[in-house]
Amino acid sequence: MQKHFIEIDGARMSYVDQGQGFPVLLGHSYLWSSAMWQPQIDALSRHFRVIVPELWGHGDSAAPPASTVDMAALARQHLALLDALDIQKCHLVGLSVGGMWGAQLAIDHPERVDRLVLMDTYLGAEPEATRLKYFGLLDAASKAGAFIDPLLDVVVPIFFHAGGETVPDVREQFRAGLKASTAKTIRESLDPMGRVIFGRPDLLARLGELPGERTIVLCGDQDIPRPPAESAEMAQLIGCLAAQIPFAGHISSLENPQVVNDFLLNWLPRNC
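Listed below in structure tokens is the structure:
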């Protein structure tokens with residue numbers, strides 16, 4: 001997968017740019033990279049121009065610039081990418097934090113987003129219990145300077161189907177990738193980005209500004225951190241459809257890629 005680079009707020013952002021046609025912007029999950037979307041890149045790039053930016057400190061992107069203080073900053077930075085690529089309008093598909101900054105971008109700049117797909121995400125504030133749990137995990141990783149095995153035993157299962165039987169190779173690759181994280185990456189990128197994500201403000205009151213007929217909420221039916229009840233709550237506030245992806249946890253794009261691909265190819269217009 002070829003990576004491209006652009007400077008935004010003084011830092012180097014990495015992104016994939018593949019295919020031709022109407023642009024589709026894919027936002028990936030925290031602790032992952034553009035590779036999380038590989039099945040969708042392969043399928044969508046036959047019909048669309050697929051752009052996949054990598055979150056600061058993830059993939060080949062640099063550590064977050066000092067301006068990355070909240071979700072609004074992430075939305076503004078991704079808008080800067082669209083501006084630099086001269087993309088006036090796109091479909092936006094955001095999973096987890098990709099949906100968080102994606103919804104913010106769509107609310108603040110509705111003229112730039114045609115269809116919005118919010119996957120395995122939640123636009124409310126992080127519930128206090130899980131926020132404290134995640135901050136504790138970040139503290140432990142930063143203190144150790146590594147994702148040691150006891151931490152990995154907690155973190156890795158969060159992202160997958162609770163049954164544990166799906167995509168074992170993906171699970172092992174994810175665990176190995178986290179284990180290989182350097183102390184510098186953890187302390188300068190993953191820790192501060194995690195605090196932006198899990199310390200995000202509540203955006204639920206603004207979801208009614210999204211166009212219900214051009215927005216949909218998708219969720220793995222076994223998603224642990226972002227359970228289907230949250231998707232249903234958001235869909236009601238937006239006035240849009242909600243659907244569950246069967247046999248999938250948080251990273252539904254990899255756990256049930258065929259269902260995700262079929263949905264996106266059927267729902268995203270190719271000419272706008």
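Using full-length UniProt numbering, the first residue of the sequence shown is number 1, and each one after it goes up by one.
We treat Cβ as the ideally placed atom computed from N, Cα and C, and that holds for glycine.
Note that the structure is predicted; figures quoted are calculated from it, not measured.
Sixteen is the threshold: when 16 or more other Cβ atoms of the shown chains lie within 10 Å of the Cβ of Gln77, as they do, the residue is buried. For the segment 185–213, the full-length alpha helix (DSSP H) segments reaching 4 residues or more read 191–198 along the chain.
The DSSP-derived three-state label of Pro225 is coil.
Contact between the segment 38–54 and the segment 105–118 is absent: fewer than three C-beta pairs spanning the two stretches fall below 8 Å.
Contact check for Gly239 and Gly199: beta-carbon distance about 28 Å, past the 8 Å limit, so the pair fails to qualify.
Around the CB of Cys219, 16 or more other CB atoms lie within 10 Å, so the residue is classed as buried. Spatial neighbours of Pro201 in its own chain (CB-CB distance under 8 Å, excluding positions within 5 residues in sequence) are listed in chain order as Asp70, Met71 and Ala125.
Taking the C-beta atoms as reference points, Asp223 is found nearer than 8 Å to Gly249. Between Ser181 and Phe147, the C-beta spacing is below 8 Å.
The UniProt domain "AB hydrolase-1" (23–125) is shown to contain whole alpha helix (DSSP H) runs of 4 or more residues at 38–44, 71–84 and 97–108, in chain order.
Rounded to the nearest whole angstrom, the C-alpha separation of Gly136 and Lys143 is 10 Å. In the DSSP annotation of this structure, Ala162 is not part of any alpha helix (DSSP H), being labelled neither H nor E.
Listed in chain order, the non-local C-beta contacts of Gln20 below 6 Å within the same chain comprise Arg49, local neighbours out to five positions each way being set aside. Counting along the chain, the unbroken alpha helix (DSSP H) around Ser253 starts and ends at Ser252 to Glu255. Going by DSSP, Thr130 is part of the alpha helix (DSSP H) stretching over Glu128 to Ala144.
For Ala66, the number of other beta carbons within 10 angstroms of its own is below 16, and it is reported as exposed. In this structure, DSSP gives Phe5 an extended state, which the three-state scheme calls strand.
Burial state of Met13 is buried, judged by a 10 Å Cβ sphere holding 16 or more other Cβ atoms. In the three-state reduction of the DSSP assignment, Ser14 falls in the strand class, which pools E and B. One alpha carbon belongs to Pro246, the other to His161, and they sit about 10 Å apart.
DSSP places Ile245 in the uninterrupted beta strand (DSSP E) bounded by Leu241 to Ile245.
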